[in-house]
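Chemist: Taking the working numbering, the leading residue of the sequence shown gets 22, the next gets one more, and so forth.
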Amino acid sequence: MSTSKSAPVSDVRLSTVTGRIPVTAVQPVVLDGRFPAKAVVGEDVPVRATVFREGHDAVRATVRLLDPDGAEVQRVPMRPGRPGLDEVLGTLRPAETGLHHFVVEGWHDPVGTWRHAATVKIAADVDVELMLAEGAALFGHAAQDAERPAEDRAAFEAAVRGLSDAALTPAQRLAAAESADVAAALDARPIREHVTRSELYPLDVQRELAGRGAWYEFFPRSEGARFEESTGTWHSGTFATAARRLPGVAAMGFQVVYLPPIHPIGRAHRKGPNNTLTAGPQDPGSPWAIGAAEGGHDAVHPDLGTLEDFEAFVAAAAELDLEVALDLALQCAPDHPWVATHPEWFTTRVDGTIAYAENPPKKYQDIYPLNFDNDPDGLSAAVLDVVLGWVRRGVHIFRVDNPHTKPLWFWEWLIREVREVEPRAVFLAEAFTRPAMMHGLGQVGFQQSYGYFTWRNTREELAEYLAEISHETAGFYRPNFFVNTPDILTEYLQTGGPGAFRIRAAIAATSNPLWGVYAGFELFEHVPRPGAEEYIDNEKYEYRPRDWQGAEAAGASLAPYLTRLNEIRAAHPSLRDLQNLTLHGSTHEDLLVFSKTRSAAPEGAHRDAAAVTDAGPAEDTVIVVVTTDPHGVTEATLRLDLDALQVRAEDRDEEGRFEVEELLTGQRWHWGAEPYVRLDPEAPAHVLRVVRRG
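#1: Between the beta-carbon of L510 and the beta-carbon of E555, is there less than 8 Å?
#2: Going by the beta-carbon positions, is the gap between D662 and T618 smaller than 8 Å?
#3: For E640, which residues in the same chain have their Cβ closer than 7 Å to its Cβ, ignoring the five residues on either side in sequence?
#4: Which residue comes first and which comes last in the beta strand (DSSP E) that contains N17?
#5: My output table needs one value for S185: the three-state DSSP class, helix, strand or coil.
#6: So the candidates are D65, I42, A92; which of them puts its Cα closest to the Cα of A82?
#7: When we look at the beta-carbon of V538 and count the other beta-carbons within 10 Å, is it buried (16 or more) or exposed?
#8: Threshold first: 4 residues or longer. Then list the alpha helix (DSSP H) segments lying entirely within the stretch 392-453, N to C.
#9: Nearest to A388 by alpha carbon, out of L351, A403, D406, P397?
#10: Buried or exposed for F248, going by 16 or more other Cβ atoms inside 10 Å?
#11: Tell me which residues share the same chain as A657 and place their Cβ nearer than 7 Å to its Cβ, disregarding the 5 neighbours each side in the sequence.
#12: If you draw a straight line from the alpha carbon of D130 to that of G161, how long is it in whole angstroms?
#13: What number of angstroms, rounded off, separates the C-alpha of L391 from the C-alpha of P308?
#14: Can you tell me which residues form a DSSP beta bridge with F248?
#15: Just grab the DSSP bridge partners of D202 for me.
#16: Candidates R550, L449, V44, P581: which alpha carbon is nearest V465's?
#17: List the residues that DSSP assigns as beta-bridge partners of A527.
#18: Would you list the residues sitting across from T83 in a DSSP beta bridge?
#19: Under a three-way DSSP split, which group does A155 fall into?
#20: Let me know if V109 comes out buried or exposed under the rule of 16 or more other beta-carbons within 10 Å of its beta-carbon.
#21: Could you tell me if D672 is buried or exposed, where buried requires 16 or more neighbouring beta carbons within 10 angstroms of its beta carbon?
#22: According to DSSP, which residues form a beta bridge with F679?
#23: Less than 8 Å separating the beta-carbons of V97 and V84?
#24: I need the straight-line Cα distance from V447 to L230, nearest angstrom please.
#25: Would you tell me roughly how many angstroms separate the C-alpha atoms of A694 and A310, rounded to the nearest one?
#26: Per DSSP, what kind of secondary structure is A46 in: helix, strand or coil?
#27: Are the stretch 146-159 and the stretch 178-195 touching by the rule of at least three beta carbon pairs closer than 8 Å?
#28: Have a look at A403, A196, R114 and flag the residue whose alpha-carbon is nearest the alpha-carbon of V94.
#29: Given that a residue counts as buried once 16 or more other Cβ atoms are within 10 Å of its Cβ, and exposed if not, what is W430?
#30: Looking at C-alpha atoms only, which residue of V711, E573, A706 is the closest neighbour of L586?
#31: What whole-angstrom Cβ distance do H284 and H318 have, given they're in contact under 8 Å?
#32: Please return the same chain residues whose Cβ sits closer than 7 Å to the Cβ of A580, not counting the five positions on each side in sequence.
#33: Would the beta-carbon of G293 fall within 8 Å of that of G287?
#34: Do H357 and G312 have their beta-carbon atoms positioned less than 8 Å apart in this structure?
#35: Look at the alpha carbon of L120 and the alpha carbon of R445, and state the distance between them as a whole number of angstroms.
#36: Output yes or no for whether 8 Å exceeds the beta carbon distance between V132 and K142.
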């Protein structure tokens, strides 16, 4: 912690850790600053700290944002937080990518200290002339500051004249120090004493898709796959036929197309339908069993086409403003080339066999996990070569399979090395494991992760989880709310009917700037494999062509609903931030109510205002009301926090109500703090914007 030179610093003070104005508990800080906190361009980044001092003098705080070159790009006033805790809060909004830093400054506010004492004492007729003289001395000293603009010095000199004018009443003399000109000068450039700075803390600002985006997963081999009745054989879809699905994905408003592994699939111990141990000659096998005679992680399955065909698929996606995310599954089929050339990269059991993957009671005889302890340098270099090879072919997003089964040091190293070559690279951790590992993966570099959303279904569970990811772990952990995956078909979706699908999509799309859908969700696919939380006839082990257009034409598709949710996300900036969520109450235990608000402009660059407000009026406020009951009618009265919604006086009518627009239907209502709502499985959610007047 460093201090300003506004007062002499003694040798004694220089020997201490505590600054003149203690600045502690700064957030967002990851592992004492060893790793940077996360942000994306244009995101509102809340900053929190504890700032205090001895006695009762006024203390204030400022947060400054420095760009990758060390230049200050924002200087933001911090406002009081929770009462009695000396907490201060501020919001940064970085405008460019790169490794930024921020610093919190605590400082004594001599004007605020004097003004409080003077107001109280003059009203009580105590030390009136002394208080006015102290004010005149304070502003007189500030008027001599040659670094201040001429208009500031003129305003302060006028305050000195007014404070010293005995012909005026004490109240009039005090008012001279509160003129509009003085307020403007102090708002832009406050008088600060004993400025004490925290450490510089890193903030990694990345491109939007690192922290915002709607993902859509599909198997390219299923798109265009066909069964030939005359011969009883399947013909795989290709990159060319899969490209025909891209316009439909783009039309629904998704931004990332995620492909499961596209590499050659092993033949040894290949799995059959529904994970059976014996595959027939027509069974394509699990794409996560990577590697065969045709190649390994750097090759594509010959049934899908060539590397040039893959590049054409990536280009076709780009023309539709879609990015392709590729699966990075660091595991091998028994006939992967690495098994023969580098047996040391695997775990050999005492009987001489290579250990296959297990997640009891599940067994994956068709997969050999990699072992990073035998030859860490050689294996790491090989993986880096694989990833950079796909980067050169236009892939900048990787969904990493089971990263929690590999050491954290490896991911820290790999992500750093890849991003040095390609700063746009984004890594999503497919990790469903203990919180410490989930958080650790985010801390060492993963920009996104799967999370526990899939299994949070009740109002209480969801409210607790949304509060955690929005306000406790957002500095390093950003979950992507996939509503389903090829491996996960929850009981809620199995038994909830179409209402459950609408509910899960509405919550995922509006509560989090990151969400995802696995193909088939929009067709309400919900039949489980007996005894498992996954789909029957799982696409992991067989071809699964779908009639998208026929389903939509028959009104049996959720695609229009998903499209509208993504349109709402695109139109409302409040839904593209993570940390701006506020939970509200209701009279029904099944009703989840939250809002998201975003300010109209970033808090001022090079500005250190005396005001304790944020950037100003809200640009955008969205209220989401959703039932968690997919079967019945839910009626309730809401308990809305109007301050959190930033409902201004000018936004209200004569009765104090404000207007909301239902974005899913276009309806409009006038609400107060306790509106009534009625939801059912056909319309289980309201997504509403607060209508601003003027």
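Cβ coordinates follow ideal geometry from the N, Cα and C atoms, glycine included.
Modeler: Straight from the coordinates:
#1: Going by C-beta atoms, L510 is nearer than 8 Å to E555.
#2: Cβ distance not < 8 Å, so D662 and T618 don't count as in contact.
#3: Closer than 7 Å at Cβ, skipping near neighbours: P594, R619, S620, A621.
#4: The structure shown has nothing for residue 17, since the chain only spans 22 to 715.
#5: Correct three-state label for S185: helix.
#6: Of D65, I42, A92, the residue nearest in Cα terms is I42.
#7: The residue is buried, with at least 16 neighbouring Cβ atoms inside 10 Å.
#8: Listed in chain order, they are 397-413, 429-442.
#9: According to the sequence displayed, residue 388 carries Ile and not Ala. For the residues L351, A403, D406, P397, the minimum Cα distance to I388 belongs to L351.
#10: Under this definition F248 is an exposed residue.
#11: Hits under 7 Å: S607, T608, H609, L612, V698.
#12: Cα-Cα distance, rounded: 16 Å.
#13: Roughly 17 Å between the two C-alpha positions.
#14: When beta bridges are read from the DSSP output, F248 appears opposite W255.
#15: Bridge partners of D202: none, in fact.
#16: Nearest neighbour of V465 by Cα position, chosen from R550, L449, V44, P581, turns out to be L449.
#17: For A527, no pairing in a beta bridge is given by DSSP.
#18: Paired residues: P98, E126.
#19: Reading off the sequence, residue 155 comes out as Glu, not Ala. E155 falls in the helix class under three-state DSSP.
#20: Buried: at least 16 other Cβ atoms inside 10 Å.
#21: A buried status is given to D672, since no fewer than 16 other beta-carbon atoms sit within 10 Å of its beta-carbon.
#22: According to DSSP, F679 bridges with R673, W692.
#23: For V97 and V84, yes; Cβs fall inside 8 Å.
#24: About 8 Å.
#25: Each residue's Cα considered, the two are about 55 Å apart.
#26: Looking at A46 - three-state DSSP - the assignment turns out to be strand.
#27: Contact between the stretch 146-159 and the stretch 178-195 is present, because at least three Cβ pairs lie under 8 Å.
#28: V94 has its Cα closest to that of R114, out of A403, A196, R114.
#29: When all chains shown are included, W430 counts as exposed.
#30: Of V711, E573, A706, the residue nearest in Cα terms is A706.
#31: With a contact defined as Cβ atoms closer than 8 Å, H284 and H318 qualify at about 6 Å.
#32: So the qualifying residues of the chain are M273, E543, E573.
#33: By the CB criterion at 8 Å, G293 and G287 fall outside the cutoff.
#34: Yes. Within cutoff.
#35: Annotation: L120 to R445 spans about 13 Å, alpha carbon to alpha carbon.
#36: No; because the gap between Cβ atoms is not below 8 Å, this pair is not in contact.
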